[in-house]
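Line by line, the protein sequences are chains A and B.
No gaps in the numbering here: position 35 of the first sequence is 35 in my numbering, and each next residue is one more.
No gaps in the numbering here: position 62 of the second sequence is 62 in my numbering, and each next residue is one more.
No residue lacks a Cβ here, since even glycine has one placed at the ideal position from N, Cα and C.
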Amino acid sequence: DAKTTQPPSMDCAEGRAANLPCNHSTISGNEYVYWYRQIHSQGPQYIIHGLKNNETNEMASLIITEDRKSSTLILPHATLRDTAVYYCIVRKSMDSNYQLIWGAGTKLIIKP
Amino acid sequence: DAGVIQSPRHEVTEMGQEVTLRCKPISGHDYLFWYRQTMMRGLELLIYFNNNVPIDDSGMPEDRFSAKMPNASFSTLKIQPSEPRDSAVYFCASSSRRRGGYGYTFGSGTRLTVV
């Protein structure tokens with residue numbers, strides 16, 4: 001699976017949009033981009049995933065560049081409860097080796 | 001749905017003792033994963049099962065670790081004998097390919113401290 005690069009930490013003001021970048025320059029054509037987050041002392045939580053089209057759900061939006069070498073997770077109106085470590089992962093969704101490779105993630109701190 | 005249920009939430013044990021961690025996956029999920037998380041190494045996959053069969057246990061640190069899934073609703077991770085370096089948070093997660101790759105659901109974890 002392709003590796004990802006994320007900034008180690010970011011700040012965002014409460015109520016503003018939080019934009020978390022992720023580079024995955026070696027992504028292959030059949031690899032999906034997944035985002036998870038881990039709030040302190042909890043298990044990781046699935047947020048969203050996509051292949052090449054932009055995706056939106058009740059939690060966030062995922063913007064994937066046309067060349068698919070990078071993506072941005074957008075939390076449209078960040079709240080204090082969004083403070084967490086956010087992980088960007090690329091993998092083959094239907095791969096028989098059905099697992100995720102976790103990096104260090106981005107620690108997002110939402111400030112009042 | 002109660003989600004993935006792990007027990008106990010916290011475990012403190014003495015070096016050399018046997019430790020058993022338990023996991024109940026979400027009903028209908030056919031994949032189950034055991035992860036370990038430490039500050040130094042982050043999240044590491046230990047083993048995963050598909051339809052109760054172990055598929056990849058290459059992440060299991062050594063023979064002191066063993067995992068079983070006797071049925072679709074229960075799995076255990078056992079450490080015998082335990083050592084201080086096993087101290088970590090252990091997560092269980094489940095998923096289903098029928099969900100079209102919509103991610104894993106993790107439990108709340110078991111924080112293990114070996115003294």
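**Study point:** Other residues of its chain near Leu112 of chain B: CB distance less than 7 angstroms, five sequence neighbours each side excluded
**Key:** Counting from one through the second sequence, the residue named residue 112 of chain B turns up at place 112. So the list reads Glu11, Val19, Asp86, Ser87, Ala88 and Tyr90, once near-sequence residues are dropped.
Review point. With distances taken between CB atoms, is the gap from Tyr36 of chain A to Gln45 of chain A smaller than 8 angstroms?
Key: In the first sequence, counting from the first residue as 1, residue 36 of chain A sits at position 36. In the first sequence, counting from the first residue as 1, residue 45 of chain A sits at position 45. Yes, they are a contact pair.
Practice item. Indicate whether Ile5 of chain B and Lys24 of chain B have their beta-carbon atoms separated by less than 8 angstroms. Key: Locating residue 5 of chain B in the second sequence gives position 5, counting from the first residue. Locating residue 24 of chain B in the second sequence gives position 24, counting from the first residue. Cβ atoms of Ile5 of chain B and Lys24 of chain B: closer than 8 angstroms.
Point to revise | Ala104 of chain A: contacting residues in chain B (beta-carbon distance under 9 angstroms) | key: Looking up residue 104 of chain A in the first sequence gives position 104. Result: Gly42.
Point to revise | Within-8 angstroms CB hit, Tyr86 of chain A to chain B | key: If you number the first sequence from 1, residue 86 of chain A lands on position 86. So, not an interface residue.
Review point. For the candidate residues A:Pro112, A:Ile101, A:Lys111 and A:Asp11, whose alpha-carbon lies nearest to that of Thr5 of chain A?
Key: Looking up residue 5 of chain A in the first sequence gives position 5. Out of A:Pro112, A:Ile101, A:Lys111 and A:Asp11, A:Ile101 has the C-alpha closest to the C-alpha of Thr5 of chain A.
**Study point:** Glu55 of chain A versus Ile74 of chain A: straight-line alpha-carbon distance, rounded
**Key:** Residue mapping note: residue 55 of chain A aligns to position 55 of the first sequence, counting from 1. Residue mapping note: residue 74 of chain A aligns to position 74 of the first sequence, counting from 1. Their Cα atoms are separated by approximately 10 angstroms.
Exercise for review: With a threshold of 16 other CB atoms inside 10 Å of the CB of Val114 of chain B, please say whether the residue is buried or exposed.
Suggested key: Indexing the second sequence from 1 puts residue 114 of chain B at position 114. Buried, by the Cβ-count rule.
Practice item. Can you pull the chain B residues whose beta carbon is under 8 angstroms from the beta carbon of Gly43 of chain A, in chain order? Key: As a working note, residue 43 of chain A is residue 43 in the first sequence. Result: Val4, Phe91, Ala93, Phe106, Gly107, Ser108 and Gly109.
Check your understanding: Based on the DSSP output, what are the partners of Ser58 of chain B in its beta bridges?
Key -> Translated into positions along the second sequence, residue 58 of chain B becomes position 58. Bridge partners of Ser58 of chain B: none, in fact.
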